[in-house]
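Structure first, then comments.
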Amino acid sequence: MTIVEIVIAVASVLSVFFFLLYVYALLRLPGGRRPKTPTFDRFGDPLPPSVNPGFGETEEERSPP
């Protein structure tokens, strides 16, 4: 039984360690800016990368009443 307890303890410690490592890696990702995406004009010619636009309302788009 001692081997089973040791295996469970090691698995628990490793899972907590890798979860903390995952959270640390997520916090280091850039998230404050929108990514620059490649864009194309209506003829298919590439344009310089620009910030991906948001999904905010415009004059043409109104939410239903």
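For the sequence shown, my numbering assigns the number 1404 to the initial residue and increments by one for each residue that follows.
Glycine residues also receive a C-beta, built at the ideal position from the N, C-alpha and C atoms.
By Cβ distance, which residues of its chain are closer than 7 angstroms to F1421, with the 5 residues on each side in sequence left out? none
Using a threshold of 8 angstroms, state whether the C-beta atoms of P1433 and P1441 are closer than that. no
Euclidean distance between Cα positions of I1409 and L1430: 32 angstroms
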